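Novice: What follows is a structure written as structure tokens; I'll ask about it next.
Right under this line is the structure:
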């Protein structure tokens, strides 16, 4: 039986190796190949999917995982408010980047699906750093291999469109339409929060989503009600179902996170982002992602710093859920 | 009689021409010369005035119209909240940049006035992208050729100063003093919102404005009362008078819009900016401008993205007012 | 007896010398050597300490004073809300940068201490632009030479750690632990506001601080109560004791102030920063600093603009306290 | 019969419309749809192909045409050395951007091919702004529809690879392998200049190219012989055959042109670039392209300024060849 | 009689005040008002003219003097090759920025002229940091108050145009046409080196210059002959006449100096720039300027670093000429 | 006996893992702890030393190793000219970053020395990525533990100064003075190439170096003679002695490598840098370093790209020397 904290899964001390030093794995965790993860005792695997060929607007998210790792070494070990130390109660490792094919979408979707199916089969909870939002689709194929999951989705866009350009069904604007069609997420248990920005004519994506039962909370509703009220509703919707969390960095206002392909003004600040993730504690979380960080549009790394700060927030609630299930 | 939507005034589909492609006219609208606009059936003309020689501090606003156009191609056709589609109910066109003379202020003021007088005479509603704030003066000479208009003015500065340097009366710090003196705006129907920043000694601009009857709402009052209350007062002040809207990008906090010449900290975020513009719906709007975007101080384009997102908000309420007058 | 306003201490008119012109002293004030300051009648001296060798993470704060001076020339003379004109009621001068030794911490601490001891002995109130936060320690050795002072400290970190790396006791993470140990600040009269960010395991700094009687207000408590309530408590804690104000730029959210070495997301905006400083009016303020502005991480100068805008806020309340004491 | 200079094809005077003003078409030329170009009398069409989905490394070239147009408005009308004024002797127009599908390579190759076939069929000489280097392939399908052409190719890479990733044959590293296989260029009349950078093992691309008869001139040979000697050989190889010129911006040293996806150090400066293009004068040039400008990697526009300065050089020699053929 | 080295004119030791510290005067020299300079014993005065309202294209040179001063503190005291130490053999001081009026060209020309006339009358040799190139005109009015001087001019443009826009005679494209017309420079003793870039039609500026006897050396001639040969000719042309040196930063290739308003590719590198200035040693130099550094187009300061490195080169040869005249 | 190529030391194929993917070790080599390197069969170890507390001017080199690793993943396996594939003939690994103490120079020097002594004792050839230039001193203590070595040093500064500030003997301006004093390098076999920049008065460093027998080749001599001639002399000086190569990125002209603390204009381009390193082939090389890359002064990564491209050049000649010694 596993013992915690496991010394193999502790980041090196910042007193011996200052935070700016060393090859940057996520949060300076051990780097383990996906195929070795189960045997090594990994509970939660952080993976990068360096992909942006599903992007319909400004590219660059393929460089996201690397910049996120770079900034992640400034993260310390313990959450200031919840006092959760994810490394103390779960074995967390960096499983590297999934192999992608930047010139072939179908090939890439297959590769990602394969890796995640195997991880989930082996009981490893995946936390993913994108990449554009299309990658949530093959991740969900892995996460939901035993049936549809609930989803809480933070974004300024629904990503519920049907097709782009010449009828292409697989872009970063379509993953959740596909996921519903494929039975990976249960639309009655899907909440989308923060939706905003100008619309293509017809607002077809929103209409379709509502028709399936997706709960779409616009940014106007969000600010009018406040995050606590909104998150209470979100928690009620997903209940105790296995729940996936998808966080598009463009949920955050672009002044906090300019490094993304399709920014929309009028979004929440980072304090609000922290609160909505903290409000996920206690849910039956089975996976999460942070997508659409595009370093070429923010070489300063400020966006990636927001991204990894929120990945740590996600990790804390995921770790808590994982530790809870251990004793269930 | 005009038919709407007029197919000649629809942006190309983003499914055929992705939003990053094409020569960037404003919102990918047709480009029509001002002198051809009336005949072509234009209702609302968007014009650039690439000018910054009235700038007393940091220059660069002459490059504003181009960067605003560049970013504007990411705007889609329909407003997410009001569901207004300005291109469906009015004929909107990009009328290009007005010819300016960067080394001669008087010459430039004359050229701009001439173009706007002609447009307004022909019933075309102007929406202007600056350029420094001095350009509001010759625009108002066109808009108010039949008598003073009301004005709602978003800014961190009053722009009510008398002279600069060696007695110069025409700088970006003086346009509304001149406009009141020239009878272009009715000071009893002028509201200035968001005023802040350190002051020259004496606060003469504020004293003068108040003496004329201008309602000056500081940022402290604004935040204390909330935008809804402030905008209710603003609407009451202008009533149903023909109303011009002038929006200086430095109204927005500089973390959202660093690309401007005279930033002042402590300003509103972009969500608040969207709300104050939406609150203009139903007024008798006869023109608007967005000024002081200075690309050299924000090559990333983030400021211009805020600028054009707000220009679209302005366009929606202008379009609504224009359509309403059609049936009045 | 001194007469105010003293013409020797007025910045040149921006009408004769535009704000972008001239060698940039702080707020375009006269530049006087520290050893000549008392004789010249200086009441408040603004000094730079260009130092970052106490930095444990990302360096660059040694370049802070210069960029702060550069941006400071955009400050005008009068506070918009309080209408305080610090140059009218006190003699304020730029006393230049203290000589530092970037490769020797002990040498530098001694040099800074010497300068500040002499200034304070001569009745000059110091306002300091860092430099990393370690410089508050030798400044306090000067300010508190006659006994411990109270302190209001705005920061995302407590800077109450004991040692770093191989037992080093003097870094930018330890100044206030040392200051309490040395009896420079009275821990019962110390308030720390805005604390946040991930923690090293054990949260030893917070535990130690609380044990000494330091009042630590996390950002969560801050936002829950609101700034007015928090500042009322802070004022009550320091009472009428001589009070030092230390302001780390990383208190501000990094979207407003990215140019710093250890940013933490989820912080207050600049409007809130203005309010908390304005709430210091009426306290018995004896010195202040603004530290950790690191220009290499924000070459645009936006962070420095926030920094000097807040330095002007600090100057106004310091000037008021100084003028008040004159008649006490 | 056409008359030159044709007033319809003259850029507006920079004395009336300063170069920073106006919607940026290429060199401020008239904007004409490709399908209208022949009828309008266009001799040379400048087109953008905003495409980077063939990119195997760092993306962003899809944004190239727009930034190139932006900077192109600083180009004046006359070549300083040759005194060629292309607008005086040929009708040059901006034909806009070709419609592309960023998520479907085959679809895009077809669309581009179609446009270029039609243009060339109508006697219009194409000058293309990429986009990644894959776009040269469909352009050549248009240019070489009546038989293989010669090619002078400036680049740091051969782009003669066979496949990438999972056997993909259409990437920006393969266009000229495909072009040779498809009989679009005659390998005996292809010269590649400037080849450098580390190699994949085996140097298969170079071996294959040499086996076909391609003349590959490394950067070392180039600098050892000097540009005059190299260009004399290049001219001899293509002789009077119809010749296409392909210019990858990564031919230039990255200090001059950092905004590209796969930079290689040790390249020529821009003066040398000007000379090698000028040395093309007198050849039977039938088309040219400038590819791989990637604005996200150089938001300053410096790379695009190099790019359009060289596009103007290309235009001058293309215009000369076009005018020459008119009287042939 | 003056004694050299004069301790009042030595920069502080970088061992006491590291080069990144202190209020940045030029090369950390004493700051003296122009009106006090003669009495203080100044031989050479370095002045800034923060002006760009003569700019026809991209503005920002008004911010040049400040950024040049900032970077200048990295300059050490002794020339590595000539071993000239200008501070040892002449009294050099920073005379601050001349007061300018950014919204009034005529006013500004007058102010600058006045200052320079007075300085030159008092025997002080001026070294000027611009500002746009128009400022050379009022400087020359001061320098040449006793008769026309010779000039060696490094630039990519002739600045010999007649008028811009609506007949404006005073822009940064016209100063030397005016200077010849006003008899300030003797066209038979004027050499322009490095001329390049596309031309307005007609090449009128070049034709006019040649007609006056100006020797115009294009960049092509420059590179063909080599700098030694070109500078030998330049030296012969000016002979022992009092000679002014005007150096436009756009002479340097934009990869070295991107921060300027009108860059032209294909220019010399900085090593060549150093050599051409060193070749001025022994001439009867009476003043010099470095103009057109525009910080908003290079916030990194790299361009300013080139600028001040070359200002130091100019200072060395000016100092040598000044010291030589002392014993003449 | 070792077999080459050893499959354990091959980077993953860029066809399976695109170059932008994966945790960035140097050139995507295996990551092995220094203490495990000998047992694992490593021939050449690449290490980072993330250190800049010896910096007297602008800091940031502590962030060098990470940015160099990031860019290094764009390096392919084979040298284009020599066709050396270092991974085929030697076992090369990334040994991570040495643990440093940013607030204690003596502590850090000891730590670095210890690691390098052990590596060299175990026959592993070190290739180091700095960090500031002080780190060459403890590296040499390891490399020269059996007696002084020869050194070829590329730099714009001699780094032969005695002390800084208050007599500090260990800064990035003194390492080679110390190394000569400690008998680590034989001054008769030391060549310094590229020396330039302004000098502190007295030029004491140069005089001292010459007195010891160091051959100092200024940039002027370098350009006058050409690199081939200079390198022939350098090779003759070191002969077949064990030779260390130290390469300061500020040797390169700052237009190619702006990201460094003390740039000096007038340096060589990157093609020249490649040639001088290639000219080291055949020497008895025993170690090398690349220092002073400071990412905060070039967030674009262009400088790091130059740095790693040259590290690969260094690796090729080091690998060749290592392979040669195997059969000696």
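Residue numbers (the numbering used here), protein chains in the order written: chain A, 1 to 328; chain B, 329 to 656; chain C, 657 to 984; chain D, 985 to 1312; chain E, 1313 to 1640; chain F, 1641 to 1968. Note that CB positions come from ideal geometry on N, CA and C, so glycine has one too. Bear in mind the structure is a predicted one, so any value in this text is a computation, not a measurement.
With DSSP as the reference, identify every bridge partner of residue 47 of chain A, one or two as the case may be.
Specialist: Answer is A:128.
Novice: May I ask you to report which of helix, strand or coil DSSP gives residue 1137 of chain D?
Specialist: Residue state, collapsed to three classes: strand.
Novice: Along chain A, in chain order, which residues have C-beta atoms closer than 7 Å to that of residue 714 of chain C?
Specialist: Correct list: 20.
Novice: For residue 427 of chain B, collect the residues of the same chain with a Cβ closer than 6 Å to its Cβ; drop the 5 residues on either side in sequence, then sort them by chain order.
Specialist: Here the set comprises 439.
Novice: Compare the beta carbon distance of residue 618 of chain B and residue 565 of chain B with 8 Å and say whether it is the shorter of the two.
Specialist: Going by C-beta atoms, residue 618 of chain B is not nearer than 8 Å to residue 565 of chain B.
Novice: For residue 931 of chain C, is the classification buried or exposed, using 16 other Cβ atoms within 10 angstroms of its Cβ as the cut-off for buried?
Specialist: Classification for residue 931 of chain C: buried.
Novice: Inspect the CB distances between the region 1403-1417 of chain E and the region 1351-1362 of chain E and report whether three or more fall short of 8 Å.
Specialist: With the cut-off at 8 Å, the region 1403-1417 of chain E and the region 1351-1362 of chain E touch.
Novice: Reducing DSSP to helix, strand and coil, say where residue 445 of chain B ends up.
Specialist: DSSP places residue 445 of chain B in helix when its eight states are reduced to three.
Novice: Sorted by chain position, which residues of the same chain lie with C-beta nearer than 6 Å to residue 218 of chain A's C-beta, five sequence neighbours on each side aside?
Specialist: Cβ neighbours of residue 218 of chain A beyond the five flanking positions: 195.
Novice: Among the candidates E:1621, E:1592 and E:1536, whose CA atom is the shortest distance from the CA of residue 1463 of chain E?
Specialist: The shortest C-alpha separation from residue 1463 of chain E is found at E:1592.
Novice: Between residue 950 of chain C and residue 717 of chain C, how many whole angstroms is the CB-CB distance? I'm expecting something under 8 Å.
Specialist: With 8 Å as the limit, residue 950 of chain C and residue 717 of chain C qualify as a contact, their Cβ atoms being about 5 Å apart.
Novice: Quick one: using the 10 Å Cβ neighbour count with 16 as the cut-off for buried, is residue 1130 of chain D buried or exposed?
Specialist: Exposed.
Novice: Does the region 1248-1255 of chain D come within contact of the region 1171-1185 of chain D, defined as at least 3 CB pairs closer than 8 Å?
Specialist: Output reads yes: the region 1171-1185 of chain D touches the region 1248-1255 of chain D.
Novice: Measuring alpha carbon to alpha carbon, tell me which of D:1161, D:1139 and D:1028 ends up nearest residue 1106 of chain D.
Specialist: It is D:1028 whose Cα lies nearest to the Cα of residue 1106 of chain D.
Novice: For residue 1444 of chain E and chain B, any beta-carbon pair shorter than 8 Å?
Specialist: Chain B contact via Cβ: absent.
Novice: Can you pull the chain C neighbours of residue 410 of chain B, defined as C-beta to C-beta under 9 Å?
Specialist: Per Cβ cutoff of 9 Å: no residues; residue 410 of chain B is ~27 Å from chain C at best.
Novice: Whole angstroms are fine: how far does the CA of residue 1473 of chain E sit from the CA of residue 958 of chain C?
Specialist: Approximately 39 Å between the Cα atoms of the pair.
Novice: Would you call residue 189 of chain A buried or exposed, if buried means 16 or more other Cβ atoms sit within 10 Å of its Cβ?
Specialist: Residue 189 of chain A should be labelled buried.
Novice: Apart from the five residues just before and just after residue 1724 of chain F, which ones in its own chain have a Cβ nearer than 7 Å to its Cβ?
Specialist: Once the five neighbours on either side are set aside, the close Cβ partners of residue 1724 of chain F are 1956, 1959 and 1960.
Novice: Where do the N-terminal and C-terminal ends of the alpha helix (DSSP H) with residue 1383 of chain E fall, by residue?
Specialist: Unbroken alpha helix (DSSP H) run through residue 1383 of chain E: 1376-1384.
Novice: Would residue 1279 of chain E pass as a contact of residue 1604 of chain E if the rule is Cβ separation under 8 Å?
Specialist: Nothing about residue 1279 of chain E can be read from this structure; chain E reaches only from 1313 to 1640.
Novice: Rounded to the nearest angstrom, what separates residue 1543 of chain E and residue 745 of chain C at their Cα positions?
Specialist: Looking at the two C-alpha atoms, the distance is approximately 59 Å.
Novice: Just grab the DSSP bridge partners of residue 1813 of chain F for me.
Specialist: Answer by DSSP bridge pairing: none, since residue 1813 of chain F is not bridged.
Novice: So residue 879 of chain C is in the alpha helix (DSSP H); what residue range does that whole segment cover?
Specialist: Taken as a continuous stretch (DSSP letters only), the alpha helix (DSSP H) holding residue 879 of chain C covers 875-881.
Novice: Short of 8 Å Cβ to Cβ, which residues in the region 798-816 of chain C face chain A?
Specialist: Against chain A - using a Cβ distance shorter than 8 Å - the region 798-816 of chain C contributes no residues.
Novice: What are the residues of the region 88-108 of chain A that lie near chain H, defined by any Cβ-Cβ distance shorter than 7 Å?
Specialist: Of the protein chains in the structure, A, B, C, D, E and F, none is chain H.
Novice: Along chain D, in chain order, which residues have C-beta atoms closer than 7 Å to that of residue 296 of chain A?
Specialist: Those within 7 Å of residue 296 of chain A in chain D are 1044, 1280 and 1281.
Novice: Spell out the partners DSSP gives residue 575 of chain B in its beta bridges.
Specialist: Paired residue(s): B:482 and B:618.
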